[in-house]
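Trainee:
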Amino acid sequence: MDIWEIVILRPMINVLIVTSKYLFNSPGLAIIVFTILIKVAMYPLTKKQLLASKKMQDMQPKIQELQKKYGKDKQRFQQEQAALLKETGAMNLGCILPMLIQMPIWIALYQSIIRVLATGPEELLNLSRYLYPHWNIVFPMVPLNSQFLWLNLGAPDSLYILPILVGGSMWLQQKMVTPTNTDPQQAAQSQMMLFMMPILFAFMTMNFPSGLALYWVASNIIGIIMQYFITGWGGLADLFGKKTNTTGKPPSKPADDLKKLPAK
Amino acid sequence: MSTRHKFIFITLVVFVAIALLVTSCTGAIARGWAGGTVSADGKTIFAGSMKGKVIAFDPVSNAILGKPLQLTAPVSSGLSCIPSCGGQTSAALTLYASPVVITTPDLGTVVYVGGNDGKIYAYQFVDNALRTDAEWLYPRQGAMNGQIIGGIVVANNTVYFAMSDGTVYALDTNGLYKKWSYKINSKIWSAPVVDGNTLYIGCFDKTVYALNAADGTVIWKTKTDGAINSTPVVYNNRVYIGDYARHFYALDAATGNIVWNFPKNDTAPGSPQNWFWAKPVVLNGVIYAPCLDGNIYALNPDNGNLVDTYTFGNSISSSPIAIGNYLVVTTAVGSYAPTKQIGKVYIMNTTDGSHREIDFPQYEDVNAPLFSQGSIVYFHTTKDNLYSVDTSAKESKLTLVFNLNTVK
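Line order of the protein sequences matches chains A and B. Going by my numbering, 153 is the number at position 153 of the first sequence; the sequence numbering is gapless. Going by my numbering, 666 is the number at position 402 of the second sequence; the sequence numbering is gapless.
1) Taking C-beta pairs closer than 7 Å, name the residues in chain A that B/Ser581 reaches, listed in chain order.
2) State the start and end residues of the unbroken beta strand (DSSP E) segment that holds B/Val364.
3) Tell me whether the beta-carbon of A/Met176 lies closer than 7 Å to the beta-carbon of A/Gly120.
4) Please state whether DSSP places B/Thr422 in a helix, a strand or coil.
5) Please classify A/Ser219: does DSSP put it in a helix, a strand, or coil?
6) In terms of alpha-carbon separation, which member of B/Lys315, B/Ser583, B/Ile522, B/Phe425 lies closest to B/Cys555?
7) Are the C-beta atoms of B/Ala434 and some chain A residue less than 7 Å apart?
8) Would you call the CB atoms of B/Gly415 and B/Ala361 closer than 7 Å?
9) Around the C-beta of A/Lys249, are 16 or more other C-beta atoms found within 10 angstroms, so that it is buried, or is it exposed?
10) Output, in chain order, the set of chain B residues within a Cβ distance shorter than 9 Å of A/Asn152.
11) Which residues bound the beta strand (DSSP E) around A/Pro11?
12) With distance defined between alpha-carbon atoms, name the residue in B/Lys447, B/Tyr504, B/Thr471, B/Asp370 nearest to B/Gly439.
13) Sort out for me which residues DSSP pairs B/Tyr446 with in a bridge.
14) Return the chain-ordered list of same chain residues with a C-beta closer than 6 Å to the C-beta of B/Gly410, the five sequence neighbours on each side being excluded.
15) Got a sec, what are the start and stop residues for the alpha helix (DSSP H) A/Ser169 sits in?
16) For chain A, find out if any of its Cβ atoms is closer than 7 Å to the Cβ of B/Arg620; answer yes or no.
17) Using the C-alpha atoms, what's the distance from A/Leu144 back to A/Ile137?
18) Report yes or no: is there a C-beta of chain B within less than 7 Å of the C-beta of A/Ser265?
19) Helix, strand or coil for B/Lys485 per DSSP?
20) Are the C-beta of B/Asn559 and some C-beta of chain A separated by less than 7 Å?
21) Am I right that A/Met12 and A/Ala108 are in contact with their C-beta atoms under 8 Å? What's the rounded C-beta distance?
22) Going by alpha carbons, who is nearest to B/Ala474 out of B/Pro456, B/Gly490, B/Asn548?
23) Going straight from the alpha carbon of B/Tyr433 to that of B/Asn380, what length do you get?
24) Would A/Leu153 and A/Ser210 be called neighbours here (beta carbons separated by less than 7 Å)?
25) Can you round the beta-carbon distance between A/Ser190 and A/Thr178 to whole angstroms, since I take them to be within the 8 Å contact cut?
26) Beta-carbon within less than 7 Å of B/Ile366's beta-carbon, same chain only, minus the 5 sequence neighbours each way: which residues are those?
27) Measuring alpha carbon to alpha carbon, tell me which of A/Gln64, A/Lys39, A/Tyr43 ends up nearest A/Ala187.
28) Check whether the Cβ atoms of B/Val630 and B/Leu650 lie closer than 7 Å to each other.
29) Is there contact between the segment 30-43 of chain A and the segment 158-166 of chain A, where contact requires at least three CB pairs shorter than 8 Å?
30) Can a CB atom of chain B be found closer than 7 Å to the CB of A/Pro143?
31) Exposed or buried, what is B/Asn598 when buried is set at 16 or more other beta-carbons lying within 10 Å of its beta-carbon?
32) Unbroken beta strand (DSSP E) runs of length 3 or more, entirely within the segment 540-593 of chain B: which are they?
33) Counting along the chain, where does the beta strand (DSSP E) carrying B/Gln637 start and finish?
34) Looking at B/Pro527 and B/Val497, is the spacing between their C-beta atoms short of 7 Å?
35) Taking B/Ile465 as part of the alpha helix (DSSP H), name the residues at either end of that continuous run.
36) Is it buried or exposed for B/Ala407, if we count other Cβ within 10 angstroms and need 16 for buried?
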C-alpha cells in the first residue's frame with residue numbers, strides 16, 4: 001500500500017462500510033450521506049470557488065469592453081485585463097485552487113465506492129486488504145447489500161433512470177454558472193460546454209456501477225443547493241424569464257466601471 | 265472563471281472522465297483463476313487458463329496432448345464498455361472453476377468445464393487429445409443468469425455446481441441433463457462438496473446449506489456470522505468451514521448444529537484478522553484453516569482448540585494442498601515492504617513446523633487452487649503461468665511448465 005491508500009483510501013473505505021451498517025445496512029444510503037458529509041466539509045472551499053467564479057463572471061462585460069477597446073493591441077489588453085483583475089480581486093487562482101484541492105477527495109471517494117461495491121471475485125479479494133483488522137464491525141458487513149431502490153449498486157441501471165438524473169442534474173448545475181454571453185462565438189462555446197459534460201456523464205453512467213452514478217446525482221443535487229445559497233439561480237434565472245446576472249442584481253454598466261480604473 | 269479557463273477546466277475534466285470510463289471498464293473485467301485436475305490413471309493433467317483455454321498435458325514430459333481448447337462467449341452488445349465496442353462478437357471465456365475429469369466404461373474420459381458465462385461444457389478426451397467441439401453443453405440454448413465462480417464437483421454420476429445468481433444445479437454426467445436445481449436468494453461463489461448423498465455449500469447469505477444430493481431438497485441450513493466464500497471440508501461426520509466474520513466452524517454433518525467455533529472470543533490475542541477465503545485442509549487429524557491475514561490456524565477437529573498458528577506474512581487466497589506430511593501453501597504479493605512485490609510458495613513440514621520457501625517472480629502470485637500429481641505440486645499464477653515444484657526434492661525450485669495462455 002502506498003501513502004494514498006493508507007492515509008486517504010483505507011479510512012474512507014472503512015468509514016463507508018461502517019456508515020452503511022448504521023443506515024439500515026444500505027450502502028446506497030451510505031453513499032448519499034457520505035457525499036453530503038464531504039460536500040458540507042468542503043463547503044468553505046466550494047463557497048470560495050463559487051464566489052471567485054461569480055466575480056470572474058461579473059468581470060466578463062468589463063473584459064469584453066477592454067477587448068473592444070484594445071483588441072488590436074494584445075499586450076495592452078493583457079496589461080489592462082491584469083490591472084482590472086488586480087483591482088477587483090478576481091484572480092483566476094481563486095477559481096481553480098479550491099477546485100484542485102477538492103479533486104483528491106472526490107477521486108478518493110470515487111475509488112472507495114468502486115472498491116466497496118466489489119462486483120467481481122478479484123475486487124472482493126482486493127477489498128479484504130483495506131479492512132481495518134481491529135474494526136470487528138466491518139468484516140461481517142462485506143459483501144455489502146447491493147440492492148437500493150430499483151438499483152443493483154454494483155451494476156449499471158437497466159432502466160436508464162440514473163443516466164437521465166445524472167445528465168439532468170449536471171446540466172442544471174452547469175446552467176447555474178454559465179453566464180449569458182452577448183458575443184455569439186462565446187455563447188456558442190458556452191452552449192457546447194453546457195451540453196458536452198452532462199451528455200458525457202450520462203453516457204458513462206450507462207456503463208458504470210449504479211453506486212457511482214448515485215454518488216454523482218447526490219453530489220450534483222447538493223451542489224445545486226449550495227450554489228443557490230451562495231450565488232443564486234445564476235444562469236437558471238433566464239429560464240424563469242428574469243433578465244439578471246448571477247447575483248440576481250441588474251447588470252452593471254461596464255463603461256462606468258472602466259472609468260473608475262486608474263489611468264495608465 | 266473566464267470562458268477560456270472554464271473551457272480548459274472542462275477539457276481536463278473530460279479527459280479525466282474518459283480515463284475513468286476506460287478504467288472502470290477494464291477494472292470490471294474478470295481475470296479468473298482456474299486450477300487443474302489429474303486423470304484417474306495419473307497420465308494426463310487438464311488445466312484451465314485465465315483466458316478460456318483448456319490444456320491437456322503429460323505430467324512426465326510436460327508435452328501438450330492434442331490442441332488446447334479455446335472457449336469463447338459472445339460479447340455483450342449495445343451500450344457497453346469501450347473494449348467491447350471494437351466490433352468483436354466473441355471473447356475468450358474467463359475460467360474460475362477448475363476442469364474436472366472422469367473416466368467411466370460408458371462415457372470414456374470426459375472433461376467438464378464451467379465458465380463465467382454460467383455454462384457447463386463437456387469434452388471427450390480421445391486418443392490423447394481433447395475433442396474440439398463440446399460433446400454436451402448445459403444449457404444447450406440461451407444464456408445463464410450468472411457465472412460459475414466456485415467450481416464444479418462430479419459425484420454419483422452427477423455434475424454439481426453453483427451459480428453466482430444463487431442456484432445450485434445437478435446435471436447428469438451423461439448428456440448434462442438437469443436432474444434438479446435449488447434456488448437460494450443469495451450470491452454463491454463457493455464450490456459445493458458432496459459427501460455420500462449430501463451436498464454442502466456456503467453462501468453469501470451467511471448460511472451453510474446441506475441439500476439432498478439426489479433431489480436437491482434441503483436437509484438443514486445453519487446461519488453463520490459472516491458471508492461464506494470458502495469451500496467446506498467434510499471430515500469425521502463434521503463440516504468445517506470459515507466465513508467473512510473471521511469465524512471458523514465445525515458443524516454436525518447430519519443436523520447442521522454448530523459443534524464449536526473458532527475463535528471463542530474475537531478480541532482474544534491470536535484471533536484471525538481477516539476473512540477465511542480458501543478451502544481448509546485436513547492432515548494427520550488436524551484442520552488447517554488458511555486465512556487472508558497470512559496465517560494458517562491448525563485446529564483440533566474435536567473441540568476447535570488452537571493447536572498452532574503458522575504465520576506466512578501475506579494473505580493466503582488459494583487453497584493449500586497436503587502431500588504426505590507436507591502442507592504446500594502460497595501467499596499473495598504483499599501490501600507492505602519487504603514482501604510487497606513477492607508471492608511465495610511454502611513447503612511446510614507439519615510434524616515440526618519447519619518450512620522451505622520459494623519466491624515467485626516479481627508481481628506474480630496465485631489465486632487458483634493448487635493441484636498435484638505424486639510429489640509434484642502445480643501453481644497457476646496470476647500471469648497465467650503454470651509452475652511446478654517437486655516437494656520430494658532436497659532443493660525445491662520453481663519450474664515454469666508453460667504459459668497457459670500462449671501454449672499451442
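All C-beta atoms in this analysis are idealised placements derived from N, C-alpha and C, irrespective of residue type, glycine included. Please read all numbers here as calculations on a predicted model, not as lab measurements.
Mentor: Result, derived from the coordinates:
1) For B/Ser581, the chain A residues whose C-beta falls within less than 7 Å of its own C-beta are Leu125, listed in chain order.
2) Where B/Val364 is concerned, the enclosing beta strand (DSSP E) stretches over 364-368.
3) No, the Cβ-Cβ distance between A/Met176 and A/Gly120 is not below 7 Å.
4) Taken through DSSP and simplified to helix, strand or coil, B/Thr422 comes out as strand.
5) Residue state, collapsed to three classes: helix.
6) Nearest of B/Lys315, B/Ser583, B/Ile522, B/Phe425 to B/Cys555, Cα basis: B/Ser583.
7) Not one chain A Cβ lies under 7 Å of B/Ala434.
8) Cβ distance < 7 Å, so B/Gly415 and B/Ala361 count as in contact.
9) With a pLDDT of 45 at A/Lys249, under the threshold of 50, the modelled position of that residue is not reliable, and the figure given next carries that caveat. Its Cβ having fewer than 16 others within 10 Å, A/Lys249 is exposed.
10) Taking a Cβ-Cβ cut-off of 9 Å, A/Asn152 has no neighbours in chain B, whose nearest Cβ is about 11 Å from it.
11) No beta strand (DSSP E) holds A/Pro11; the alpha helix (DSSP H) holding it covers 10-22.
12) Comparing Cα positions, the closest option is B/Asp370.
13) Beta-bridge pairing links B/Tyr446 to B/Val432.
14) Cβ within range, chain order: Gly382, Met427, Ser428, Asp429.
15) Going by DSSP, A/Ser169 is part of the alpha helix (DSSP H) stretching over 161-177.
16) B/Arg620 does not count as touching chain A.
17) Taken atom to atom, the span from the alpha-carbon of A/Ile137 to that of A/Leu144 is near 12 Å.
18) Because chain A spans 1 through 264 in this model, residue 265 of chain A falls outside it and cannot be assessed.
19) In the structure shown, B/Lys485 sits in a strand (DSSP, three-state: E or B).
20) So, not an interface residue.
21) The pair is a contact, with the Cβ atoms about 5 Å apart (cut-off 8 Å).
22) Comparing Cα-Cα distances from B/Ala474 to each of B/Pro456, B/Gly490, B/Asn548, the minimum goes to B/Pro456.
23) Distance between the alpha carbons of B/Tyr433 and B/Asn380 is about 15 Å.
24) Contact: yes.
25) With 8 Å as the limit, A/Ser190 and A/Thr178 qualify as a contact, their Cβ atoms being about 5 Å apart.
26) Only residues of its own chain outside the window of five on either side were considered, and among them Val374, Val418, Thr437 have a CB closer than 7 Å to the CB of B/Ile366, listed in chain order.
27) Ranked by how close their Cα comes to the Cα of A/Ala187, the residues A/Gln64, A/Lys39, A/Tyr43 have A/Gln64 in first place.
28) Against a cut-off of 7 Å, the Cβ pair of B/Leu650 and B/Val630 comes out as no contact.
29) With fewer than three CB-CB distances shorter than 8 Å, the segment 30-43 of chain A does not count as touching the segment 158-166 of chain A.
30) So, interface residue.
31) Looking at the sequence shown, residue 598 of chain B is not Asn but Gly. Burial call: buried.
32) Counting whole runs of 3 or more residues, the segment 540-593 of chain B contains the beta strand (DSSP E) stretches 545-547, 550-554, 559-563, 570-575, 585-587.
33) Annotation for B/Gln637: the continuous beta strand (DSSP E) segment containing it runs 635-637.
34) Between B/Val497 and B/Pro527, the gap from beta carbon to beta carbon reaches 7 Å or more.
35) DSSP places B/Ile465 outside any alpha helix (DSSP H); the residue lies instead in the beta strand (DSSP E), whose first and last residues are 462-466.
36) So B/Ala407 ends up on the exposed side.
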